[in-house]
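For what it's worth, full-length UniProt numbering labels the leading residue of the sequence shown as 1, then goes sequentially. The structure appears below as structure tokens.
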Amino acid sequence: MRLASIHLYPVKSLGGVAVDEAAVEPWGLRHDRRWLVLNPDGTYLTARDEHRMLGVTAVPAAGSLTLTGLDGSRLAVAEPADGDLVPTTMSRLAQIRLAPPEAHDWLSVQFGRSLRLGWLDDPHRRPVAEDHGGLPGDPLNLSDAGPLLVATTASMRRLNDWIAEGAVERGEEVPEPLPISRFRPNLVVDDSPGAPAEPFAEDDWQRVRVGTVDFRFAEICDRCVLTTIDAATYRTGKEPIRTLSRFRKRDGKTWFGVRLIPLTGGVLRVGDEVTVS
């Protein structure tokens, strides 16, 4: 298998960026999910509640972030090393550091509501929970539960086949295949055309090597309503949760993709060989 693509989402729930390479840190990919949009009361805002967040993009650079808004405006934001620490409701994180005031004003204009931008200065302050595969000392960025999310093209093909078959059974028009970006993976793993992988084989992975970097399996990823939002139109549909509920449901949840925890550091590059055990 090969690493087909790498994706960073610098601000949780905002649009991300595809990159050719990325450095692996103990808490995830460098620049991935280090920023968070906050309501004035310290609760955090996601695209589950504000779909238009998917239309605002964030591109990282060393020590800064560039935001591009719904109105086409741009704002460069420096990492706020001396910003105020304020309370947040993010799990396993008591406080987050505020970005400069101009970032709050810009976000508030984009979404027509009072918002603030926060930055996780030290991921060691937020551990991976034990019930999500964490071991003592495992740090975490602002991802929901694990440092990296991996999805495979083999599983995506099977899911889209199931969606098409379901539409035929219901007498509906077969929809266009869903893009794997609906699941917001960090890494997309592609199988060889001459040796197609078994769909959902990743559920049983224990160790993964991408290029020269080693990871351990943490857990299969449970999926939420965010996957049903079309990032282009901001409309919510029934897929893929409807089909996952039919074929991939247990314990009251639907499952797609796996979370990994880094064992070593290094740099991942598109095209790297992926081996599993």
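Glycine residues also receive a C-beta, built at the ideal position from the N, C-alpha and C atoms.
When C-beta atoms of the region 8-18 are compared with those of the region 53-60, three or more pairs fall below 8 Å, so the two segments count as touching. Boundaries of the alpha helix (DSSP H) harbouring A103: 101-111, taken from the DSSP string. Nearest in C-alpha terms to M90, of all of L120, Q110, G63, is L120.
Collapsing the DSSP output to three states places F183 in a helix. Annotation for W162: no beta strand (DSSP E) segment contains it, though the alpha helix (DSSP H) segment containing it runs 153-169. The beta carbons of L149 and C224 sit about 13 Å from each other, so the pair does not count as a contact at 8 Å. For G118, the secondary structure class from DSSP, reduced to helix, strand or coil, is strand. In the DSSP secondary-structure assignment, L38 is bridged to Y44, R116. Ranking F200, D32, N160, V274 by CA distance to the CA of R182 puts N160 first. Judged by beta-carbon spacing, W27 lies within the 8 Å limit of N141, meaning their Cβ atoms are closer than that value. Note that the region 24-39 touches the region 106-125; at least 3 beta-carbon pairs, one per stretch, sit closer than 8 Å. Closest option to R157, judged by alpha-carbon separation, among I180, P139, G137: I180. In the three-state reduction of the DSSP assignment, V274 falls in the strand class. Nearest in C-alpha terms to D203, of all of P193, T212, E219, A195, is E219.
D122 and R242 have their alpha carbons spaced roughly 38 Å apart. Going by C-alpha positions, F247 is about 9 Å away from T254. 8 Å or more divides the Cβ of H7 from the Cβ of A23. The continuous beta strand (DSSP E) containing I220 extends over residues 213-223. When DSSP states are grouped into helix, strand and coil, R33 belongs to the coil group.
Three or more Cβ pairs closer than 8 Å define a contact, and the region 254-274 falls short of that threshold against the region 68-82.
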